Amino acid sequence: MRLSANHGAFRPIPAILTRHLVTLAIETSCDDTAVAVLETKTLQNPATTVAKLHFHEKVTSNNAAFNGVHPLAALESHQENLANLVTQAIERLPEKKRRPDFISVTRGPGMRSNLFTGLDTAKGLAAAWKASRIPLVGVHHMQAHALTSRLVAALDASETFPHAWQDGPPTTEGEIDVAPKFPFLSVLASGGHTLLIHSATLTNHEVLGSTTDVAVGECLDKIARIVLPPELLQEAGNTMYGALLERFAFPPGKAVQVASSEPRSASEFCQDFASRYEYCVPKNHEEELHRNVSRWGWAFNQPLAKAGGGSKNKSLEMSFSGLMTAVERAVRYEHDQSTGKLTKVERSAHDISREERRDMAEFSMRAAFEHIAARVVLALQSTPANSIVVAGGVGANYYLRYVLACKLVAHGYGDVLVVIPPPHLCSDNAAMIAWTGTEMFHAGHQDKLSIRAIRKWPLDLLLSPPVERTT
74 MRLSANHGAF
84 RPIPAILTRH
94 LVTLAIETSC
104 DDTAVAVLET
114 KTLQNPATTV
124 AKLHFHEKVT
134 SNNAAFNGVH
144 PLAALESHQE
154 NLANLVTQAI
164 ERLPEKKRRP
174 DFISVTRGPG
184 MRSNLFTGLD
194 TAKGLAAAWK
204 ASRIPLVGVH
214 HMQAHALTSR
224 LVAALDASET
234 FPHAWQDGPP
244 TTEGEIDVAP
254 KFPFLSVLAS
264 GGHTLLIHSA
274 TLTNHEVLGS
284 TTDVAVGECL
294 DKIARIVLPP
304 ELLQEAGNTM
314 YGALLERFAF
324 PPGKAVQVAS
334 SEPRSASEFC
344 QDFASRYEYC
354 VPKNHEEELH
364 RNVSRWGWAF
374 NQPLAKAGGG
384 SKNKSLEMSF
394 SGLMTAVERA
404 VRYEHDQSTG
414 KLTKVERSAH
424 DISREERRDM
434 AEFSMRAAFE
444 HIAARVVLAL
454 QSTPANSIVV
464 AGGVGANYYL
474 RYVLACKLVA
484 HGYGDVLVVI
494 PPPHLCSDNA
504 AMIAWTGTEM
514 FHAGHQDKLS
524 IRAIRKWPLD
534 LLLSPPVERT
544 T
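Laid out in structure tokens, this is it:
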């Protein structure tokens with residue numbers, strides 16, 4: 074028998090006999106309207122799980138006029154595009170499949186109205202297919218980011234074992250078997266979150282550290298709007314400012330992206346990218362402070378280095394608002410070469426050369442990423458793990474990956490695997506919702522049609538989500 078969970082209450086349901094388990098997934102937590110159809114199968118020989126995406130599309134709302142995500146524009150985009158994407162997805166269900174085995178949908182955290190758009194659509198599908206007993210699985214958005222690397226492993230396994238999809242007799246589903254194996258550490262870095270998590274099991278994710286103010290993605294977006302040349306921002310045509318900041322700091326040809334998403338040790342990662350980045354881990358704090366002073370006079374130091382007398386630099390707490398302020402001041406005020414300090418004399422944006430702006434982009438990212446990497450090293454000292462998963466939109470930044478890998482090597486963790494999804498799966502997508510829904514469904518979790526969207530949902534309360542009501 075399998076178990077169905079709803080807010081901690083389990084009820085037995087019959088074991089499912091199936092060769093191919095298929096889910097239709099919906100993601101609408103922010104400004105991406107995303108839908109996917111994922112098929113999975115667990116093999117006994119060899120023991121592995123394979124996955125195949127039959128449909129995977131998303132539409133991002135046009136927020137260019139607002140210099141960032143606008144809640145109403147995002148909601149209107151969901152309303153305009155979700156039904157069409159779902160219609161296309163249903164048409165792409167596997168041959169001989171008239172309906173999925175269950176529906177996966179993002180339940181939270183995120184923008185409440187946006188979440189409800191996707192959740193209500195998923196409920197409608199489950200209700201329409203009620204005669205066929207199509208269950209509903211509400212998915213935690215950040216859990217999905219943490220498990221994306223397991224999805225990638227299953228997709229890769231499908232190419233390694235193409236015979237897995239050949240016709241054969243139905244078998245009882247086995248336990249999902251993919252890498253990285255639990256436990257592992259996760260760095261979930263996006264525009265809305267910066268979390269350091271210990272993932273012990275599918276449903277046990279302990280938050281070891283988080284940002285006390287703004288997320289690293291929001292920090293980089295705001296720095297990009299301050300630092301990047303105005304004409305570059307105007308030509309962008311989107312609000313992917315963090316990605317634009319990386320491309321500006323490391324132009325094409327200097328930092329060529331590597332397509333492979335296979336897990337590599339930190340040492341291997343450093344070797345692969347050594348020719349692309351001029352970065353070395355400082356030997357001590359004094360060397361770091363000296364290196365941080367730019368040829369223009371300003372310096373961007375690692376956040377919390379001096380807070381609390383330096384004690385906070387030994388904690389897993391993170392902060393990025395101070396870095397944003399430092400960059401803003403360096404752009405706004407003249408620098409006194411004799412004192413080495415910023416003055417109160419404002420300077421014109423036209424006085425800042427492209428070369429100085431490029432240094433600002435690189436130095437600010439380096440400070441932010443060293444801050445994150447230092448927390449990962451501290452976490453490994455108290456919570457050993459063989460793998461580090463980097464996920465979320467900022468995880469697509471190759472400079473973050475390189476700085477983290479170098480930091481791991483410098484502190485004796487060169488053998489730790491650095492596991493990072495390909496860039497298109499780092500940002501919000503429905504494939505990760507489909508995969509996480511599949512893992513939860515395999516483990517026996519289902520939800521009633523009465524569930525509500527959850528705007529704030531701590532990951533360590535995964536199985537006992539808070540109840541948010543206005544009355």
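Using this note's numbering, the first residue of the sequence shown is number 74, and each one after it goes up by one. From the three backbone atoms N, C-alpha and C, an ideal C-beta is built for every residue, glycine too. All of these numbers come straight from a predicted model, not from anything done at the bench.
Asked: Within the segment 208-288, ranges of the beta strand (DSSP E) (whole runs, at least 3 residues); Found: 209-213, 257-262, 267-272 and 278-283
Asked: Beta-carbon gap between glycine 468 and alanine 262 smaller than 7 Å; Found: yes
Asked: Whole-number beta carbon distance between histidine 271 and leucine 532, since they are thought to touch under 8 Å; Found: Not quite, the Cβ-Cβ distance comes to about 11 Å (not below 8 Å), so this is no contact.
Asked: Any 3 or more C-beta pairs closer than 8 Å across the segment 171-187 and the segment 220-234; Found: no
Asked: Close beta carbons around alanine 332, own chain, < 6 Å, minus the five adjacent residues each side; Found: With a pLDDT of only 48 at alanine 332, under 50, the local geometry of the prediction cannot be trusted, and the value read off the model is given with reservation. Nothing listed; no residue qualifies.
Asked: For threonine 133: DSSP bridge partner residues; Found: Asp105
Asked: Separation of cysteine 499 from arginine 448, as counted between CA atoms; Found: 21 Å
Asked: Start-to-end residues for the alpha helix (DSSP H) that takes in aspartate 409; Found: Counting along the chain, aspartate 409 falls outside any alpha helix (DSSP H), though it belongs to the beta strand (DSSP E) covering 406-409.
Asked: Identity of the residue in Leu126, Ser388, Gly315 and Ala309 nearest isoleucine 506 by Cα; Found: Leu126
Asked: Assigned secondary structure, glycine 197 (DSSP; H/G/I helix, E/B strand, else coil); Found: helix
Asked: Where arginine 542 falls: helix, strand or coil (DSSP); Found: coil
Asked: Euclidean distance between Cα positions of arginine 439 and threonine 312; Found: 21 Å
Asked: Helix, strand or coil at arginine 430 [DSSP, three-state]; Found: helix
Asked: CB-CB length for phenylalanine 257 against serine 460, believed under 8 Å; Found: 4 Å
Asked: Three or more C-beta pairs below 8 Å linking the segment 278-291 and the segment 389-400; Found: yes
Asked: The segment 115-132 contacting the segment 192-204, beta-carbon criterion three pairs below 8 Å; Found: no
Asked: Alanine 230 and threonine 121 closer than 7 Å at C-beta; Found: yes
Asked: Top-ranked residue by Cα proximity to threonine 96, from Leu145, Val142, Arg172 and Leu158; Found: Arg172
Asked: Whole-Å CB distance - threonine 113 paired with glutamine 152, under 8 Å assumed; Found: Threonine 113 to glutamine 152, Cβ: 30 Å. No contact.
Asked: Start and end residues, beta strand (DSSP E) containing serine 340; Found: Segment 339-346 is the alpha helix (DSSP H) holding serine 340; no beta strand (DSSP E) there.
Asked: In DSSP terms, what glutamine 117 is bridged to; Found: Ala120
Asked: Rounded separation between leucine 451 and leucine 269 - CA only; Found: 11 Å
Asked: Per-residue burial, threonine 511 [other beta carbons within 10 Å of its own, 16 or more giving buried]; Found: buried
Asked: Buried versus exposed call for lysine 169 [16 or more other C-beta atoms within 10 Å across all chains shown]; Found: exposed
Asked: Touch test, the segment 332-347 against the segment 486-504, Cβ-Cβ under 8 Å, three pairs minimum; Found: yes
Asked: C-beta atoms of glycine 109 and alanine 503 nearer than 7 Å; Found: Sequence check: residue 109 is alanine here, not glycine. Contact: yes.
Asked: For valine 492 and leucine 481, the rounded distance between their alpha carbons; Found: 13 Å
Asked: Whole-angstrom C-beta distance between leucine 477 and phenylalanine 442, which should lie under 8 Å; Found: 7 Å
Asked: Validate contact between the segment 419-435 and the segment 231-240 using beta carbons, cut 8 Å, 3 pairs; Found: no
Asked: Distance between glutamate 361 and proline 355 (C-alpha atoms, nearest Å); Found: 5 Å
Asked: DSSP state of glycine 413 mapped onto helix, strand, coil; Found: coil
Asked: Residues near serine 186 by beta carbon distance below 8 Å, same chain, minus five either side; Found: Pro144 and Leu148
Asked: Nonlocal neighbours in the same chain, by C-beta distance under 8 Å from threonine 416, ignoring five residues either side; Found: Tyr406, Glu407, His408 and Asp409
Asked: Coarse secondary structure for isoleucine 176, derived from DSSP in three states; Found: strand
Asked: When Gln307, Arg349 and Ala309 are compared against proline 324, the one with the closest alpha-carbon; Found: Arg349
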